[in-house]
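Asks: Basically the working numbering = 1-based index in the sequence shown + 49. Backbone N, C-alpha and C define an ideal beta-carbon position, used for all residues, glycine too. The model shown is predicted, which means the values in this text are computed figures rather than measured ones.
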Amino acid sequence: MKKPTSIIPEFMTKDKDDTFVFLMPLRLKIDYEDYGNSMFKVAVKNITKNDFFHTYLSPELFFTRFQFHQSYKNGKQDKSRPNNPPIIQKYIDLHQEKITDRDIRLEELLDEDSIGKILGWRKKYLGQANKVPCFKIDSKNETIVIPHYAVAIYYYYRTTVMREAVLRCKLEDLYIAVSNNGINASITIPKYVTKAEAPFVCRFATLKYATEKFDDIGKYINTYVGYIQNRTSKVPEDMPIKAKLPINGNFSLKTRAQEFWSNGKRVIYVHEILNDNSDIGFKKLQVLRESKTSSINLDEFENLPTVKKEIPGVTTEVLKAEGASKKKQHRTVSSKRRSCSSLDGIEITEDTVASEDIPHVLKIYQEEMANEVVDQSLTESSKNIEKKIRKTRISNEYEKKEREKKEYTHNFDEFSQYMNFLATQKSIKNLLVHGNQKMQQVIDSTTDRAYVRCSIAGRERQYITATFQYGSVYVGLLELENVSGSAASTWVISSRKTVNQVVFDKFLHHYVDEQMNIKDIKDLYKEDNELKFATKNHERNEVIGDEDLARWMVGVLEKLIIT
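#1: Mind the definition here: the stretch 533-552 touches the stretch 498-511 only if three or more C-beta pairs lie below 8 Å; say whether that holds.
#2: Given a threshold of 16 other Cβ atoms within 10 Å of its Cβ, counted over all protein chains shown, does Tyr81 qualify as buried or as exposed?
#3: Is Trp310 helix, strand or coil when you go by DSSP?
#4: Ile90 to Thr281, Cα distance in whole Å?
#5: Would you kindly check if the distance between the Cβ of Ala306 and the Cβ of Ile317 is under 8 Å?
#6: In the DSSP assignment, what residue or residues form a beta bridge with Met73?
#7: Could you compute how far the alpha carbon of Ala247 sits from the alpha carbon of Tyr84?
#8: How would you call Leu75, buried or exposed, if buried means at least 16 neighbouring beta carbons within 10 angstroms?
#9: When we look at the beta-carbon of Glu545 and count the other beta-carbons within 10 Å, is it buried (16 or more) or exposed?
#10: How is Glu528 classed by DSSP in three states: helix, strand or coil?
#11: Considering only DSSP beta bridges, list what His103 is partnered with.
#12: Quick one: what does DSSP say Gln550 is sitting in, helix, strand or coil?
#13: In whole angstroms, give me the CA-to-CA distance for Lys608 and Gly525.
#14: Any idea what DSSP makes of Arg338, helix, strand or coil?
#15: Where does Asn229 sit, in a helix, a strand or coil, going by DSSP?
#16: Could you check what DSSP says for Ala373 in three-state terms: helix, strand or coil?
#17: Taking C-alpha atoms, which residue in Asp569, Ile610, Gln486 lies nearest to Phe553?
#18: Buried or exposed: Phe102, going by 16 or more other Cβ atoms within 10 Å of its Cβ?
#19: Does Ser613 pass the burial test, meaning 16 or more other C-beta atoms within 10 Å, or should it be called exposed?
#20: Ile513 to Glu588, Cα distance in whole Å?
#21: Report the rounded CA-to-CA distance for Tyr203 versus Thr547, giving the unit in angstroms.
#22: Counting along the chain, where does the alpha helix (DSSP H) carrying His197 start and finish?
#23: Inspect the beta-carbon positions of Lys128 and Asp67 and report whether they are closer than 8 Å.
#24: How is Trp616 classed by DSSP in three states: helix, strand or coil?
#25: How many angstroms separate the CA atom of Phe309 from the CA atom of Glu321?
#26: Does the beta-carbon of Ser444 have 16 or more other beta-carbons within 10 angstroms, so that it is buried, or is it exposed?
#27: Taking the Cβ atom as the reference point for each residue, do Met61 and Phe71 lie within a distance shorter than 8 Å?
#28: When the Cα atoms are used, what is the spatial distance from Ala234 to Tyr105?
#29: Identify whether Tyr38 lies in helix, strand or coil by the three-state DSSP scheme.
#30: Which whole-angstrom value is the C-beta distance of Thr539 and Glu530, which I expect to be below 8 Å?
#31: Tell me, which residues are paired with Ala499 by DSSP?
#32: Check whether the stretch 142-162 touches the stretch 243-260, taking contact to mean three or more Cβ pairs, one atom from each stretch, closer than 8 Å.
#33: Which residues does DSSP list as the beta-bridge partners of Asn324?
#34: To the nearest angstrom, how far is it from the Cα of Leu143 to the Cα of Asn326?
#35: I think Leu337 touches Asp400, with their Cβ atoms under 8 Å apart; what is that distance to the nearest whole Å?
#36: Considering only DSSP beta bridges, list what Val482 is partnered with.
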C-alpha cells in the first residue's frame, strides 16, 4: 500500500471548502519540555470568511510544504486566488558591509499601513508584527527588508531533524564524524540524516562562523528565557524569532517578495528565500553512513529487553499541533525541492562505513501492526502516554535536474550526442562540457514577472555550455533549454582569446537584459575581428546518425573566425 505523504494542518481539514493564506510568523512558541519541539506562532487569514487567527506550526513546513502569502484550500494551492499585494521574484546581491549590523524591528522599516497589508489588510496582529526582527539592506533606489524568520527557515529549519538540533543547540546530533580541508570534505551521518541534509550539516560543523551562528540560536533561547524570568518572575510563553546568516561573505539570494512605498521610499519585503549561491565551504563531499556491526552471540538475543513499537494501520493527512505518542513508530516524508545553487559544481558521493561500535544498552524493537487510524505530528510528546498521533519527520530531497529535462530539454540530449562526437575528433582540443546551469531571472518592470527568455513553466530556464580549441581559435558553444517541439539551434562563439563564463554571460545579457534578437547580436559582432557570434541549427533527422553528427560539426566549424 502506498504511504500517504500529504500533510494538512488540522484547521484546514475542518473547513475544507475555505481558502486560507499564511501571512507571517509572529513568534517562536517555546516548548519547555523539549526546546526541539518549539513551533512558529503564525498569523493566518481565512479569505473565504475574512477571518483572522493564529496557529502553531513547525518551521520546516515553510521550507518544504507551504509559502507565505500563497492561498491554500484543504492543504493544496488555490491558484484561483491572486496575491494582493502581488508577489514578485527578487534577486538580491548581499554584500556584508551593506547589511545593518544591529537587529531592527519591522516597525522601524515599514509604516503601519504597509505592515497592515502584510497582515492581510487587518491590524489584528500589528503589535507583534511591529516587533519582528529584521535585517536591513540599503541601496540608492530601495531598502530591502529580510525578516529573521526567512533566514531561519532557509538555512536552519530545512527539515525536522535540523530544526530539532538547532533548537536544542545540539549540532553533534546531526553527524558522527566530519572533516573538511576547504577542498575535500567527509561526513559520517546517522540513519535519520539524509544525503540532501549532509552538505549543510558539514558546513555548520566545519566552518567556524557557521558553527557560531548555529549555536547562537539555542543560546539566544536560554538567554531570553533567563532575562524575562529575572525581570518578571515568569517564564515567557513565546519569544522573537532570531537567526543570523551563516555565511560571512558576498553572495546572491533569490527571493519571494512584496514591494511597498513606505515613508516616500521603495521598500522590498522578503517573505521567503528560494535559493542562494553562497560558498558551501568545500568542492567535494563524501557522505558516509555508519553500518554498525556487533560481535554479540546471537543466542544472547533471547535475553535482551523488548521495546514494542506500534505501526498504525492508517495515518491520516491531518497534522496536529500537539506532540505524538512515543509508542508509535516514526515515519519520514520526503519533500522535493529544486537544487540549491550552493551545491552547483559540488561533487557528492555516498558510501557506507563499517564500525565495531557495540551499544551500551542493546534493545530489540519489536514492530507490531496496529489496526487503528491515527493523525500525525511533527513533534513528539516527552511523556510516555498513549495518543492516536504518530510522529512524522519531514526530510528534503533536491530534485535532480534530469527530471525537468525530460519534459522540456529534449535538445539537451541531442547536444550531448554532438559533444560526444566532438570528443572523438583529433582536431578538437581541450573539450570541456559544463552541465545544466540556470539563467539569471530578469524581472520585467512592466509586469513584475521574469522575461520569458529566461524562464520556462514558471522556473529558471536552463542552458549547457561547452568550450574547446580548434587550431588557433577558441570556441564556446551555448545550448539553451528548448520547449518541446520547437526548433533548436546552438550558439557558436569564437574568439582569438579563451572563451569562459564571462563571455557567455555577456551574450546572455544581450539576449535577456537588453532583449536583443539573435540577428541583432550577430550584426553587433559582424565587424569584430576578435569575437564572433553565430548559430548552428540541429540536424532535423529524428534519429541522429554518424553522417548527421559529422555534418553538424562541419557546420559549426564553418561559423568560426577565419584564422
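Replies: Taking the coordinates as given:
#1: Cβ pair count under 8 Å is below three, so no.
#2: Result: exposed.
#3: In the three-state reduction of the DSSP assignment, Trp310 falls in the strand class, which pools E and B.
#4: The displayed chain sequence assigns Lys, not Ile, to residue 90. Each residue's CA atom was taken as its position, placing Lys90 and Thr281 some 22 Å apart.
#5: In contact: Ile317 and Ala306 (Cβ atoms closer than 8 Å).
#6: Per the DSSP secondary-structure output, Met73 pairs in a beta bridge with Ala92.
#7: Taking the straight line joining both Cα atoms gives about 23 Å.
#8: By the 10 Å Cβ count, Leu75 comes out buried.
#9: In the sequence as displayed, the identity of residue 545 is Arg instead of Glu. By the neighbour-count rule (16 or more Cβ atoms within 10 Å), Arg545 is not buried but exposed.
#10: The three-state reading of DSSP puts Glu528 in strand, counting E and B together.
#11: As a beta-bridge residue in DSSP terms, His103 pairs with Ala92.
#12: Correct three-state label for Gln550: helix.
#13: Their backbone Cα atoms lie some 12 Å apart in a straight line.
#14: For Arg338, the three-state secondary structure derived from DSSP is strand.
#15: Residue state, collapsed to three classes: strand.
#16: Residue confidence for Ala373 is low, a pLDDT of 46 falling below 50, so the modelled location carries little weight and cannot support an answer.
#17: Of all alpha-carbon atoms in Asp569, Ile610, Gln486, the one lying nearest the alpha-carbon of Phe553 is that of Gln486.
#18: Counting Cβ neighbours within 10 Å, Phe102 comes out exposed, since fewer than 16 surround it.
#19: With the chain represented from 50 up to 612, any question about residue 613 goes unanswered, as that position is not in the structure.
#20: C-alpha separation (whole angstroms): 18 Å.
#21: Tyr203 and Thr547 have their C-alpha atoms some 38 Å from each other.
#22: Start and end: 197-200.
#23: With contacts defined as CB atoms closer than 8 Å, Lys128 and Asp67 fail to qualify as a contacting pair.
#24: Past the boundaries of the shown model lies residue 616; the chain is included only from 50 to 612, so the question cannot be answered.
#25: Between Phe309 and Glu321, the C-alpha separation is close to 16 Å.
#26: No answer about Ser444 holds up, because its pLDDT of 42 lies below 50 and its placement is not dependable.
#27: Contact flag unset, no.
#28: Counting only the Cα atoms, Tyr105 lies some 38 Å from Ala234.
#29: In the structure as shown, the chain begins at 50 and stops at 612. Residue 38 is therefore absent and cannot be evaluated.
#30: Going by Cβ atoms, the distance from Thr539 to Glu530 rounds to 12 Å, so no, they are not a contact pair.
#31: Ala499 is bridged to Ile492.
#32: No: fewer than three Cβ pairs fall under 8 Å.
#33: Paired residue(s): Lys303.
#34: When rounded, the distance between both Cα atoms is 11 Å.
#35: Confirmed, about 6 Å.
#36: As a beta-bridge residue in DSSP terms, Val482 pairs with Ala515.
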